[in-house]
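Remarks on the structure that follows.
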């Protein structure tokens with residue numbers, strides 16, 4: 001409740017504001033920065049010089065910095081100035097990456113496997129190796145902000161405790177503690193649900209940039225969701241919000257891996273897509289979905305009918321979410337993004353029949369992901385980069401830069 | 406982006422903070438105020454004197470001001486110092502009220518009728534009369550902050566345009582403009598969905614006080630919902646959020662008044678309750694639901710089975726909302742509140758079978774409304790009182806008080 005701010009705290013606030021703006025927007029001229037942040041040219045000059053001295057921002061010729069056509073000197077985030085290590089425990093892959101400022105992926109390794117229950121010990125061992133390899137790849141002089149991990153399950157944000165991950169076969173796993181023990185690092189670790197992080201990434205760099213109210217739904221084996229409301233991620237009371245795949249939509253439907261009957265996931269999840277062509281759930285393989293969607297795209301009537309049916313369930317479920325959230329944008333990930341061109345009309349018809357809001361709200365509402373499978377890794381990076389974005393002065397000024405400044 | 410605040414703007418900010426705190430909490434001693442707002446005794450003394458001079462706050466003996474047992478002088482909001490006029494267009498009633506600071510209802514008139522399509526012209530005429538009568542009842546010297554109206558439909562907040570109100574039979578009604586024309590008043594008018602306002606009222610004064618993540622679901626003829634997320638009402642991109650009654654839960658279900666098949670409303674709305682005992686929708690009467698619920702409470706097996714079935718659908722739908730929002734509290738209104746004691750076990754079992762979050766999150770999660778049918782009127786008052794709560798200096802100091810100060 002102190003209304004008076006010291007010049008020093010104002011400066012730190014402004015450094016954070018500028019760094020975050022460049023991180024999200026990429027290369028910008030001083031006049032573009034001034035226009036958005038309402039700062040004078042001289043303030044911007046001082047702030048950019050400070051961030052350059054810390055190695056967090058580069059400034060120079062637009063063509064050299066990848067912003068050709070700009071009229072004047074541009075500033076951009078330096079991806080090798082500060083970075084986050086990120087990892088993802090998905091149902092059919094483990095991955096780790098290094099993501100620099102601006103969302104640039106500097107290193108990435110992904111190991112895919114058939115969807116199956118994952119032994120916790122082995123998973124910790126495997127993801128630990130991937131994380132340590134990622135860490136070893138970080139360029140010297142790059143300041144590491146933290147480690148962010150995306151998990152395909154219900155996660156308590158405070159300590160990375162996984163309450164329930166039906167598609168991994170996990171319940172009550174103290175994942176945050178186990179990972180910290182494995183990697184023996186003092187880096188701050190942040191763990192969150194992969195779809196929540198997919199939503200955050202699309203909002204920061206993908207199909208949801210500039211959108212204040214965003215619904216993100218992704219289907220692989222399971223169906224995940226993430227929400228952005230008034231520009232902020234919806235996390236809920238215990239960090240468990242966004243489980244959109246577990247509305248009951250069909251009381252006569254199949255049993256879900258969560259244990260209940262007829263969840264939305266049992267109609268639009270990966271195995272549910274294959275069920276329509278007679279492939280039972282225990283034989284689910286991602287490649288079979290890829291083949292089915294390709295056949296549908298070629299016009300195979302059986303495959304098309306299957307995709308059409310999934311599209312109807314997608315539409316009725318999305319209509320429910322649109323009625324609850326009244327979003328400006330819905331972003332689809334995973335199989336839903338792949339099949340989107342084939343189901344667009346069906347989904348649109350369901351929405352127009354079911355949504356209470358005026359139908360012009362539905363124009364251009366839905367878009368496929370722009371970040372694809374990298375979404376959760378990038379979202380985890382965004383969480384882990386918050387430390388440097390909030391407080392750029394954590395990164396010390398460099399000797400060489402200090403001399404030139 | 407000005408980090409420096411003038412003493413005058415700090416003072417106005419603090420006046421607003423204090424008035425809002427008293428408005429929500431009722432009578433408080435200076436030390437209680439200091440403990441919550443972090444202000445010194447002398448600051449509180451000056452602010453209370455200012456608000457007293459404007460007639461917005463009273464201060465004195467705890468017993469006289471309705472706070473017996475308090476140790477020292479207490480301050481409380483003066484309900485006759487500033488008030489809002491509020492009105493509600495519900496499916497089976499029209500009402501208007503005057504609500505003073507602190508949420509005290511100073512005047513209220515409600516006209517009930519059988520649920521039916523309402524002619525727009527006649528409704529404007531009728532609600533206009535009720536509003537003018539309410540206005541005439543306002544005590545002299547009471548500052549009127551605005552007019553707030555709750556409507557059982559999808560409303561655009563900006564201008565009170567009603568996009569769709571299936572249970573009133575309205576579509577695309579410029580309700581805000583029509584009301585303003587009818588009452589010929591210069592008062593600011595705010596119009597919102599009745600369930601959104603019910604949620605806001607429960608959050609401010611009812612079963613959701615102190616709760617940051619709240620789901621409110623109410624059933625009369627239709628099913629309405631309102632959400633509070635991180636302490637703020639969810640309104641959505643166009644103010645249409647919260648339509649929780651229109652998730653498809655039963656693909657083989659009945660046609661909803663919204664036009665779609667199998668919405669949650671068709672399983673837990675008022676007519677759906679009666680359908681279980683063979684009463685068809687066109688014969689829906691609120692008294693018949695009251696009778697049915699009374700019979701169930703007495704142990705009538707047919708009535709009990711009907712209520713039990715509604716309870717199961719209530720539970721599966723609530724489980725979906727809990728999975729999406731991870732709330733700290735769910736508040737039930739309308740018939741759902743009445744039947745709550747009879748369906749509590751059934752709902753709890755459905756939730757425990759379906760919710761992904763840890764089950765301790767479900768303990769004491771659900772409560773019936775504390776405000777009952779007054780919720781939407783009180784929520785509309787809260788919106789309309791924002792003007793004085795945000796800027797108490799709009800109310801001029803009174804001559805008599807100024808002398809005594």
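Chains as they are written, first to last, in the working numbering: chain E, 1 to 405; chain P, 406 to 810. Virtual Cβ for every residue (Gly too), placed ideally from N, Cα, C.
Beta carbon proximity, residue i to chain P, threshold 8 Å
| i | result |
| --- | --- |
| residue 316(E) | yes |
| residue 194(E) | no |
| residue 24(E) | no |
| residue 16(E) | no |
| residue 353(E) | yes |
Proximal chain E residues relative to residue i, where beta-carbon distance stays under 7 Å
| i | result |
| --- | --- |
| residue 761(P) | 154, 164, 240, 243, 246, 258 |
| residue 725(P) | 246, 247, 248 |
| residue 393(P) | With chain P represented from 406 up to 810, any question about residue 393(P) goes unanswered, as that position is not in the structure. |
CB contact check: residue i to chain E, cutoff 8 Å
| i | result |
| --- | --- |
| residue 675(P) | no |
| residue 730(P) | yes |
| residue 800(P) | no |
Partners in chain P for residue i, counting only beta-carbon separations shorter than 7 Å
| i | result |
| --- | --- |
| residue 89(E) | Chain P residues near residue 89(E): none, gap ~16 Å exceeds 7 Å. |
| residue 251(E) | 655 |
Under 8 Å between C-beta atoms of residue i and residue j
| i | j | result |
| --- | --- | --- |
| residue 763(P) | residue 163(E) | yes |
| residue 774(P) | residue 607(P) | yes |
| residue 654(P) | residue 721(P) | yes |
| residue 734(P) | residue 772(P) | yes |
| residue 612(P) | residue 562(P) | no |
| residue 627(P) | residue 557(P) | yes |
| residue 319(E) | residue 355(E) | yes |
| residue 118(E) | residue 34(E) | no |
| residue 572(P) | residue 662(P) | yes |
| residue 260(E) | residue 758(P) | yes |
| residue 72(E) | residue 41(E) | no |
| residue 28(E) | residue 57(E) | no |
| residue 770(P) | residue 649(P) | no |
| residue 493(P) | residue 783(P) | no |
| residue 83(E) | residue 138(E) | yes |
| residue 624(P) | residue 780(P) | no |
| residue 634(P) | residue 651(P) | no |
| residue 205(E) | residue 395(E) | no |
Nearest-angstrom beta carbon gap, residue j and residue i [assumed within contact, 8 Å]
| i | j | result |
| --- | --- | --- |
| residue 491(P) | residue 786(P) | 5 Å |
| residue 340(E) | residue 332(E) | 6 Å |
| residue 141(E) | residue 55(E) | 7 Å |
| residue 154(E) | residue 165(E) | 7 Å |
| residue 189(E) | residue 160(E) | 7 Å |
| residue 392(P) | residue 667(P) | Residue 392(P) is absent from the structure shown; chain P starts at 406 and stops at 810. |
| residue 529(P) | residue 469(P) | Contact doesn't hold; Cβ gap of about 43 Å is too wide. |
| residue 855(P) | residue 719(P) | No statement about residue 855(P) is possible, as the shown extent of chain P runs from 406 to 810 and does not include it. |
| residue 712(P) | residue 701(P) | 4 Å |
| residue 397(E) | residue 53(E) | 4 Å |
| residue 325(E) | residue 227(E) | 7 Å |
Partners in chain P for residue i, counting only beta-carbon separations shorter than 8 Å
| i | result |
| --- | --- |
| residue 234(E) | 634, 730 |
Chain-ordered neighbours of residue i on chain E, where CB pairs are closer than 8 Å
| i | result |
| --- | --- |
| residue 733(P) | 237 |
| residue 766(P) | 237, 238, 240 |
beta-carbon residue i near the ligand GDP non-hydrogen atom, thresh 7 Å
| i | result |
| --- | --- |
| residue 552(P) | With respect to the ligand GDP, the structure offers nothing, as it holds no ligand at all. |
- Specify whether the stretch 84 to 103 of chain E and the stretch 132 to 149 of chain E touch according to this definition: at least 3 beta carbon pairs, one from each stretch, less than 8 Å apart. yes
- Message: Using 8 Å as the cut-off, can you tell me whether the stretch 257 to 274 of chain E makes contact with the stretch 672 to 689 of chain P, which would need three or more C-beta pairs spanning the two stretches below that distance?
- Response: no
- Do the stretch 44 to 60 of chain E and the stretch 103 to 113 of chain E make contact, defined as three or more Cβ pairs closer than 8 Å? no
- Query: Would you call the stretch 3 to 20 of chain E and the stretch 386 to 399 of chain E touching, i.e. three or more CB-CB distances under 8 Å?
  - Reply: yes
- Query: When the Cβ atoms of the stretch 512 to 526 of chain P are set against those of the stretch 485 to 499 of chain P, are three or more pairs found closer than 8 Å?
  - Reply: yes
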